[in-house]
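Chains as they are written, first to last, in my numbering: chain A, 573 to 907; chain B, 9 to 603.
A virtual CB, placed ideally from N, CA and C, is assigned to each residue, including glycine.
Structure first, then comments.
Rendered as structure tokens:
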């Protein structure tokens, strides 16, 4: 009996010893110290998988590189003609298909054109790296949504412009001076409200027929889901305000009739106090339109207002550019 | 579920048990057998007066126009323990505290509070119970309060202040934790093979609910300890073994809380007397077990982590030589987590009560030997659900005591001496290694040497008055290889020297010094929930020298009643940043009376 107990105790001890020494050591705890505090080394230089890319055909650009530690990196792609910039950022020890793919989008407007794009790898921790390359765009990215107009083709009589009170100057109109946010053309407004002190510098009515349809084509009729998107260019002058109105066919004539069809506009408008192109997106519910009304948009009216309350005397010129008016469903236009 | 098993087990054993009386802790009564124990109500307690004057100077204060150069503080305190015995089987005690801060004027700064309340007794002359405040300790891996850093064998001159901290934080000599709840214990005796069995069970609430998102938190568990009769008389073979369960859990039925944790630690401990005669005793002893940590949300377990530990070794008692030698293998898994064993005494990230920030930039002053020796605000007796911060200069090898996770290796020990020896000493050596890397697959190596010795000069010189030199020494070294950024090389040395000399009858001269030097580099992890390492904020680099000197006199009116007046000086020198050097000085008088 006693021997049995001794044997039991001994076996229990042996089993216990061997069963309690197995631990998980496949990983280490916490962040990698080399990543956290080590000196940066470039193990494989920047490489780009193609020299030309056709984004319209679904192609993409993939970049690779390898480092000795995880770092904050930025790949900056700059259009040599448009000045468009795409930034790809991350924290990793390698660039690969998971973190360094470009599908043609942009981070800072304008859109990329068919142009040569310079690629640069930036790693702040590493100082100057001189890791550069280039790729030529032969087909630009096709964006989702329903395009209303991008001013790339002459509007003919689909844009109404002209009124005896207008104070827009001759620089107003479609322009092709290299500043377009998308493509080559945009619409420019420029004027000074110094004739009739009514704040109003001028407007255009862009009829839905510019799309080839009676009503503006929209991807959804649910106002809360329907986003209007546009790009606006401003030069930082503090006295201009852009206004965009949506006109719907309230008398069911199937055509835009100034003074008879109802208009809606976003509250607060667009004070033109920044520099460069900027994207604006909002739902049509924010505009206040119903499902029936958004399905019968017959025109979009764009106005230039001079904020007389802030203007000196005599008032200064105000201006802005507008490009790429689109409708998207479910979310704003993704650049 | 496991925690609920204890109670049926107790009930079952109660049906067939036979118990023997055992003393209980915490009573103000000397012993039940004492003649005056027949009194129904007794008053005992503690009175204490401290008057303290602290000053600061040094390089960091050269341009400092904001820090007060001198502070005075102190307190007058009276704890009155009212102990009553309504009947032979019941005893209740409450401690009422009256405290007046130094500088208070009449009623200003006066607090009155209840410090302790408990009742205990005997059920059916079989099972002892205690409700209210109680102290409890199990094993170093289940429920245990490990010793604090910064001391090995504290010189007597520094003890009065430390005793105040220990009293205030309910620290006792046996590493027990102060809890509030209930506990039961009883014993059994057996006629064959097993000699006896002792059972203990307890439950306590360690955090109250806020009735919203914070649920009640409890700690509970128990022990069953068995002793065998001699299994083989020729070699004196006999074994003691036990099972231990410590559990911490959140009660999601309180308040509106939807998430909480459970942490269970189960272990088996054993001590087998392999061979014993009049000259020698050979023991195999140790403990093994596992921990489990769960996060429960909406009654579902969303996170679970478990790991094991093992401590097994051999101890050799050379009785004639008064020497005990031991060698132990230790293996505590990286994910081992025991809230009730790993919660530390020192909370390094707490605000200090004096000179918390100094300098024109009001920088936080890090805790030093001086603060650890005096500032009770740095000390903690509560249970922390996350691993608490530590200072690697004081303890880097086992900052959470034996239950420090992620260590394996060998420990060696030697203990010499008894009550009649000219000197006694205790030596411990730990050679440990990480099991899982931190921030790298490279593993740290740890080495710790601790020596505590007391030289009884009065026995050597044949004096009849107590004259003792105390020595404490701790050296720790942490190393790690790898590429440069992974390398670790931190060493620290703590030296304590003390003299306690009874110059005249009951009149003592006390002298002591503590010195800490730390040099090198390590990475101290920042811990997030469930003890995962969130980050290594920066390399911890030290080239520090702390020196604390103390001297004073003490007059012992009688046992547990004394008055001491002391002067202490502390200096911190930081070679890496000498403009932050400073000195602290204090003069204090402390009168303590236990009655």
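Counted within 10 angstroms of its Cβ, other Cβ atoms place residue i as buried (16 or more) or exposed
i, result
"residue 700 of chain A", "exposed"
"residue 658 of chain A", "buried"
"residue 840 of chain A", "exposed"
"residue 26 of chain B", "Model confidence at residue 26 of chain B stands at a pLDDT of 35, short of 50, so the residue's coordinates are unreliable; what they give is reported in the following sentence. By the neighbour-count rule (16 or more Cβ atoms within 10 Å), residue 26 of chain B is not buried but exposed."
"residue 641 of chain A", "buried"
"residue 285 of chain B", "exposed"
"residue 565 of chain B", "exposed"
"residue 159 of chain B", "buried"
"residue 255 of chain B", "buried"
"residue 78 of chain B", "exposed"
"residue 575 of chain B", "exposed"
"residue 119 of chain B", "exposed"
"residue 199 of chain B", "exposed"
"residue 390 of chain B", "exposed"
Test: residue i CB closer than 8 Å to a CB of chain B
i, result
"residue 605 of chain A", "yes"
"residue 601 of chain A", "yes"
"residue 852 of chain A", "no"
"residue 811 of chain A", "no"
"residue 609 of chain A", "yes"
"residue 664 of chain A", "no"
"residue 596 of chain A", "yes"
Whole-angstrom distance between residue j and residue i, CA atom to CA atom
i, j, result
"residue 564 of chain A", "residue 866 of chain A", "The structure shown does not extend to residue 564 of chain A, since chain A is modelled only from 573 through 907, so no value can be given for it."
"residue 530 of chain B", "residue 854 of chain A", "54 Å"
"residue 184 of chain B", "residue 122 of chain B", "21 Å"
"residue 186 of chain B", "residue 416 of chain B", "30 Å"
"residue 909 of chain A", "residue 897 of chain A", "This structure cannot speak to residue 909 of chain A, because chain A is shown only from 573 to 907."
"residue 858 of chain A", "residue 763 of chain A", "29 Å"
"residue 433 of chain B", "residue 473 of chain B", "21 Å"
"residue 448 of chain B", "residue 812 of chain A", "58 Å"
"residue 627 of chain A", "residue 808 of chain A", "33 Å"
"residue 95 of chain B", "residue 236 of chain B", "36 Å"
"residue 583 of chain B", "residue 528 of chain B", "12 Å"
"residue 59 of chain B", "residue 87 of chain B", "18 Å"
"residue 889 of chain A", "residue 876 of chain A", "11 Å"
"residue 498 of chain B", "residue 340 of chain B", "22 Å"
"residue 838 of chain A", "residue 399 of chain B", "60 Å"
"residue 515 of chain B", "residue 180 of chain B", "26 Å"
"residue 814 of chain A", "residue 771 of chain A", "12 Å"
"residue 557 of chain B", "residue 150 of chain B", "37 Å"
"residue 267 of chain B", "residue 354 of chain B", "28 Å"
"residue 605 of chain A", "residue 446 of chain B", "8 Å"
Test: residue i CB closer than 8 Å to a CB of chain A
i, result
"residue 467 of chain B", "no"
"residue 122 of chain B", "no"
"residue 543 of chain B", "yes"
"residue 448 of chain B", "yes"
"residue 318 of chain B", "yes"
"residue 341 of chain B", "yes"
"residue 407 of chain B", "no"
"residue 444 of chain B", "yes"
"residue 400 of chain B", "no"
"residue 533 of chain B", "yes"
"residue 315 of chain B", "yes"
"residue 547 of chain B", "yes"
"residue 494 of chain B", "yes"
"residue 491 of chain B", "yes"
Cβ-Cβ separation, residue j to residue i (assumed contact under 8 Å), whole Å
i, j, result
"residue 868 of chain A", "residue 828 of chain A", "That pair is no contact at about 11 Å."
"residue 377 of chain B", "residue 524 of chain B", "6 Å"
"residue 228 of chain B", "residue 249 of chain B", "That belief does not hold up - the Cβ atoms of residue 228 of chain B and residue 249 of chain B are roughly 22 Å apart, past 8 Å."
"residue 484 of chain B", "residue 404 of chain B", "6 Å"
Within chain D, partners of residue i - CB distance below 8 Å
i, result
"residue 394 of chain B", "Absent from the structure is chain D; the protein chains it does hold are A and B."
**OP:** Please go through the stretch 61-97 of chain B and give each complete beta strand (DSSP E) segment of 3 or more residues, from N-terminal end onward.
**Re:** Here the runs fully enclosed are 78-95.
Subject >> Completely contained beta strand (DSSP E) runs for the stretch 467-531 of chain B, where each covers 3 or more residues >> reply: If we require 3 residues or more, the beta strand (DSSP E) runs fully inside the stretch 467-531 of chain B come out as 475-488, 496-512, 515-531.
**OP:** Any chance you could list the alpha helix (DSSP H) runs of at least 4 consecutive residues sitting entirely within the stretch 529-568 of chain B, in chain order?
**Re:** Note on the stretch 529-568 of chain B: there is no whole alpha helix (DSSP H) run with a minimum of 4 residues.
**OP:** Go through the stretch 781-846 of chain A residue by residue and report every complete run of the beta strand (DSSP E) that reaches 3 residues or more, in order.
**Re:** Every beta strand (DSSP E) of 3 residues or more that sits fully in the stretch 781-846 of chain A is shown, in chain order, as 798-807, 812-820, 834-837.
**OP:** Could you pull out every unbroken beta strand (DSSP E) segment of at least 3 residues lying fully inside the stretch 351-418 of chain B, listed in chain order?
**Re:** For the beta strand (DSSP E) assignment, the stretch 351-418 of chain B encloses no uninterrupted run of at least 3 residues.
**OP:** Could you tell me which uninterrupted beta strand (DSSP E) segments, each at least 3 residues in length, are contained entirely in the stretch 188-230 of chain B, listed from first to last along the chain?
**Re:** Those beta strand (DSSP E) runs which fall completely within the stretch 188-230 of chain B and span 3+ residues are 202-215.
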